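In the working numbering, the protein residues as written are 106 to 520.
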C-alpha cells in the first residue's frame with residue numbers, strides 16, 4: 106500500500122471516530138438537518154452571473170470587474186464556477202479547485218492536507234473529510250510579489266444546504282500576497298450551514314495577508330476551521346470582518362510560529378446584531394526563536410446579540426513575545442459580551458500580555474460632539490466608526506474605504 110493511501114485511510118479513520126465530537130466552544134448543531142447543495146453552472150466572466158448573485162458577491166468584498174485584482178475564484182454552492190488569473194500574474198501564482206490541484210500535484214495531500222488543522226478536531230472537521238468537498242488552492246511562487254489582491258467568493262444560493270469547503274494557501278519562500286475571501290448568501294437564503302477548512306503555509310521570508318469578510322443571514326450557521334504554519338522570518342496577518350446578523354458562528358483560528366523571527370497578527374471587527382451568537386477568537390503558538398504576535402479585537406454588541414471574544418497566547422520559546430487587546434462596546438441592555446483572554450507560558454524568558462475593556466459609549470464624548478452641532482445619533486455613529494478602526498487591518502486604502510462604508514451602513518441599519 107502506498108504512503109498516500111495509508112495517510113488517506115488514517116484520515117478517514119480519525120474522522121469517523123470524531124463524528125460525534127462536539128466543538129470545545131459554541132453551540133452544537135445537528136448536521137443531519139442540512140442537505141448537500143446541487144451543482145451549479147460555470148461562467149467564463151463574473152459579469153455573466155445573475156445580478157442578485159453579483160450584488161451579494163460585491164457586498165462581501167468581491168470586485169466583479171477584476172480591475173483591481175490579480176486573480177479570482179468563485180464557488181457557488183458545491184461548484185467551482187469561476188477561476189481566473191490576470192495575464193500579468195500568470196507566472197506569479199496558481200489558483201485552482203482543490204481537487205484539481207491534488208490530482209495535478211499528488212504530494213499536496215501528503216504534505217499539506219490536514220497538516221495545519223486536525224481532521225478529528227471536532228464533528229465539523231470530521232464531516233468535511235467524509236463528504237464531497239471543493240474549495241480553492243492558491244500557491245504564490247517563490248520570490249514573487251503579488252501587488253494586487255487575490256480574491257475569492259464562497260456563496261450559497263439555496264436554503265437549508267451545507268457548503269463544504271477546504272482551502273489550502275501556500276506562500277513560498279520570499280513571496281508576498283494578499284487574499285480577500287468573501288463568504289456570502291444569495292438574497293433568498295435564510296438558513297443553512299457553511300463549513301470552511303482553511304490551511305495556510307507561509308514559508309521562509311514570505312508574507313500573507315488574509316482578509317475574510319462574512320455576510321450572512323439571521324438564521325444561518327457558520328463553522329470555519331483555520332490554521333497557519335509560519336516559517337523563518339515569515340509574516341501571517343489574519344483579518345476578520347463580520348458586520349451582518351448570523352444565527353451562530355464559532356471560529357478559533359490558530360497560527361503556529363515555528364520559524365525564527367516569525368510573526369502573526371489577528372485582527373477582528375465584529376458587529377453583533379439581532380439575535381446573533383458570535384464566538385470568535387484566535388490562538389498564537391510561539392515556537393520559533395524571536396517569534397512574536399498580537400491579536401486585536403473590536404466588538405460592538407447591539408440588540409440581543411452575544412459575543413464571546415477569545416484570545417489565547419502560548420509560548421514555548423524564551424525569546425518570544427505576544428499581546429492581546431480586546432475592547433467591546435455594549436449598546437443594548439439585552440446583549441452580552443464575554444472577553445476571555447488566556448495566557449500560557451512554558452518559557453521563563455518569554456513575555457505575554459493582555460488588556461480587555463467592555464463598556465458603554467462615554468456620555469461625555471456624546472455630549473461634547475452634540476455641543477459641536479451633531480445630533481445624538483450622529484455623535485454615536487461618529488464614535489463607533491472611530492472605535493471600529495479599519496486601519497488595524499493594514500489593508501490598501503481602497504479596501505479600507507469599502508469596509509468603512511460597510512460599517513457606516515451597518516450602523517444606520519441598526520439605529
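Just so it is clear, CB atoms sit at the ideal spot from N, CA and C, and this is done for glycine as well.
Since the model is a prediction, treat every value here as computed from it, not as a measurement.
8 Å contact criterion, which residue i and residue j should meet: CB distance rounded
i	j	result
residue 459	residue 448	6 Å
residue 495	residue 509	5 Å
residue 397	residue 368	6 Å
residue 158	residue 332	Actually they do not touch by this definition, with Cβ atoms about 30 Å apart.
residue 241	residue 203	6 Å
residue 337	residue 355	Residue 337 to residue 355, Cβ: 32 Å. No contact.
residue 197	residue 251	6 Å
residue 188	residue 167	Incorrect: roughly 13 Å between the Cβ atoms, too far for contact.
Reference residue i; option with closest CA among the options
i	options	result
residue 258	211, 334, 174, 207	174
residue 357	366, 273, 403, 413	413
residue 144	260, 384, 417, 332	260
residue 285	326, 351, 184, 179	179
residue 294	488, 427, 326	326
residue 246	148, 313, 125	313
residue 311	133, 456, 210, 365	365
residue 351	251, 377, 339	377
residue 492	482, 504, 402	402
residue 118	167, 464, 234, 222	234
residue 308	280, 436, 324	280
residue 482	343, 518, 124	518
residue 262	131, 322, 189, 167	322
residue 488	436, 129, 315, 343	436
residue 347	464, 191, 516	516
residue 192	172, 359, 441	172
Reduced DSSP category for residue i - H, G, I as helix; E, B as strand; rest coil
i	result
residue 167	coil
residue 106	Since pLDDT at residue 106 reaches only 46, below the 50 mark, its modelled position is unreliable, and no value is offered.
residue 487	helix
residue 515	helix
residue 521	There is no way to answer for residue 521, as the model of the chain reaches only from 106 to 520.
residue 498	helix
residue 123	coil
residue 419	strand
residue 217	coil
residue 363	coil
residue 436	coil
residue 158	helix
residue 118	helix
residue 265	coil
residue 475	helix
residue 204	helix
residue 441	strand
residue 482	helix
Cα-Cα separation between residue i and residue j, rounded to whole angstroms
i	j	result
residue 176	residue 511	23 Å
residue 276	residue 304	11 Å
residue 164	residue 320	7 Å
residue 461	residue 472	25 Å
residue 151	residue 186	9 Å
residue 514	residue 237	37 Å
residue 239	residue 299	12 Å
residue 409	residue 391	37 Å
residue 361	residue 446	18 Å
residue 207	residue 264	30 Å
residue 324	residue 296	5 Å
residue 161	residue 454	49 Å
residue 133	residue 411	16 Å
residue 475	residue 406	23 Å
residue 229	residue 271	12 Å
residue 470	residue 184	50 Å
residue 222	residue 477	52 Å
residue 135	residue 500	37 Å
residue 114	residue 503	46 Å
residue 66	residue 205	The question about residue 66 has no answer, for the chain in this structure spans 106 to 520.
residue 123	residue 484	50 Å
residue 274	residue 182	21 Å
Within 8 Å, strictly: CB atoms of residue i and residue j
i	j	result
residue 466	residue 434	yes
residue 404	residue 375	yes
residue 141	residue 267	yes
residue 243	residue 199	yes
residue 287	residue 255	no
residue 425	residue 444	no
residue 226	residue 330	yes
residue 306	residue 194	no
residue 363	residue 340	no
residue 479	residue 418	no
residue 345	residue 381	no
residue 126	residue 231	yes
residue 394	residue 422	yes
residue 116	residue 219	yes
Contact with chain B by residue i, beta-carbon distance below 8 Å
i	result
residue 483	The structure shown contains no chain B; it holds only a single protein chain.
Residue i beta carbon near the ligand ATP (any heavy atom closer than 7 Å)
i	result
residue 129	Among the components of this structure there are no ligands whatsoever, and the ligand ATP is therefore not found.
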